[in-house]
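K.L.:
Those letters in the sequence shown? Residues 980 to 1160, by this note's numbering. For glycine and all other residues, C-beta sits at the position ideal for the given N, C-alpha and C. It should be emphasised that the depicted structure is a prediction, and the values quoted were computed from it without experimental measurement.
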Amino acid sequence: MDIHLQIIEELKLVAKKVSKEEVAIFIQMLQKAKSIFICGEGRSLLIGKAFAMRLMQAEFPVYVTGETVTPRIHNNDVLVVISGSGNTPTVEVIAKQAMQAGAKIVCITANRKSRIQRIANHLLLIPAATKNHLINECETIQPLSSQFDQSALLLLDAIVIKLIEGRNKEENMKNNHTNLQ
């Protein structure tokens, strides 16, 4: 089997294990949020930025933590934390700050017992492989957290599709696509 096809098969196995109920609750939280903030480190942050881009193109008020134009978070906002381990120290600090501000926190992780998920209002578990190789994680041929990152990207893209469903947003998304490139 070609390696890329084997990776796709791995991602299918992970996707089938994601809770539809957890996804539905996450979508509701995004729909109710005044603003959405995205947080992560490394590749998880890159996945978060891709998600933020699609949310912006779909006309959701979205910000990425650490950027110079990111405003203050408030109690009617949602912080989306993406961390395979769920224990990334810098991300945990930001989650605690959001909690103190009264914002809702969603933890997207592969680790049901992580420190960040303990303070989160909602857990979206992606049982994919990470660099920690936890017992509940899926098998993978890929290094480190590649399987988690890819699974998160696919799931978050699917969530954007669900958020814009039935609203003919494709043209608006094109209009919100950058023209400075």
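From which residue to which residue does the alpha helix (DSSP H) around Ile-1098 run?
P.N.:
Sequence index remark: in the sequence shown, residue 1098 carries index 119 (1-based). Start and end: 1094-1098.
K.L.:
When the Cα of Asp-1136 is compared with those of Gln-1076, Gln-1036, Val-1072, which residue comes out closest?
P.N.:
By 1-based counting over the sequence shown, the position of residue 1136 is 157. The candidate whose alpha carbon is nearest that of Asp-1136 is Gln-1036.
K.L.:
Determine whether the beta carbon atoms of Ala-1077 and Leu-1058 lie at a separation below 8 angstroms.
P.N.:
Start at 1 with the first residue of the sequence shown, and residue 1077 comes out as number 98. Start at 1 with the first residue of the sequence shown, and residue 1058 comes out as number 79. Yes, the pair counts as a contact, with Cβ atoms nearer than the cut-off.
K.L.:
Would you give the residue range spanned by the alpha helix (DSSP H) that Thr-1069 belongs to?
P.N.:
As a working mapping, residue 1069 is identified with position 90 in the sequence shown. It spans 1068-1079 - the alpha helix (DSSP H) in which Thr-1069 sits, taken as one unbroken run.
K.L.:
Which partner residues does His-1101 have in the DSSP bridge list?
P.N.:
Here residue 1101 refers to the residue found at position 122 when the sequence shown is read from its first residue. In the DSSP output, where bridge partners are listed per residue, His-1101 has Val-1085.
K.L.:
Is Gly-1021 helix, strand or coil when you go by DSSP?
P.N.:
Here the question's residue 1021 lines up with position 42 in the sequence shown. Correct three-state label for Gly-1021: helix.
K.L.:
For Pro-1040, which residues of its own chain have a beta-carbon under 6 angstroms away from its beta-carbon, when the five flanking residues on both sides are left out?
P.N.:
Along the sequence shown, read from residue 1 onward, the residue named residue 1040 stands at position 61. For Pro-1040, where only same-chain residues beyond five positions count, the Cβ hits under 6 angstroms are Ser-1014.
K.L.:
Once the 5 residues before and after Ser-1023 are set aside, which same chain residues still bring their CB inside 6 angstroms of it?
P.N.:
By 1-based counting over the sequence shown, the position of residue 1023 is 44. The answer, listed in chain order, is Ile-1061, Ser-1062.
K.L.:
By the DSSP assignment, the beta strand (DSSP E) with Ile-1061 in it spans what residues?
P.N.:
Indexing the sequence shown from 1 puts residue 1061 at position 82. First-last of the beta strand (DSSP E) with Ile-1061: 1057-1061.
K.L.:
Between which two residues does the alpha helix (DSSP H) containing Val-1002 stretch?
P.N.:
What you label residue 1002 is simply residue 23 of the sequence shown in a count that begins at 1. Its alpha helix (DSSP H) spans residues 999-1011.
K.L.:
In whole angstroms, what separates the C-alpha of His-1101 from that of Phe-1005?
P.N.:
Locating residue 1101 in the sequence shown gives position 122, counting from the first residue. Locating residue 1005 in the sequence shown gives position 26, counting from the first residue. Approximately 7 angstroms between the Cα atoms of the pair.
K.L.:
I need the boundaries of the alpha helix (DSSP H) containing Val-1139, first residue and last residue.
P.N.:
Within the sequence shown, the letter at position 160 stands for residue 1139. First-last of the alpha helix (DSSP H) with Val-1139: 1125-1143.
K.L.:
Is Val-1048 helix, strand or coil when you go by DSSP?
P.N.:
Counting from one through the sequence shown, the residue named residue 1048 turns up at place 69. If DSSP states are grouped into helix, strand and coil, Val-1048 belongs with coil.
K.L.:
Could you tell me the distance, in whole angstroms, from the CA atom of Glu-988 to the CA atom of Glu-1144?
P.N.:
Position 9 of the sequence shown, counting from 1, holds the residue named residue 988. Position 165 of the sequence shown, counting from 1, holds the residue named residue 1144. Approximately 27 angstroms between the Cα atoms of the pair.
K.L.:
Report the CB separation of Met-960 from Lys-1083 in whole angstroms; it is logged as a contact under 8 angstroms.
P.N.:
The chain is shown only over 980 to 1160; residue 960 falls outside these bounds and no answer can be derived.
K.L.:
Between the Cα of Val-1139 and the Cα atoms of Glu-1071, Ile-1098, Glu-1038, which residue gives the shortest distance?
P.N.:
For this step, residue 1139 is matched to residue 160 along the sequence shown. Of the listed residues, the one whose Cα sits closest to Val-1139 is Glu-1038.
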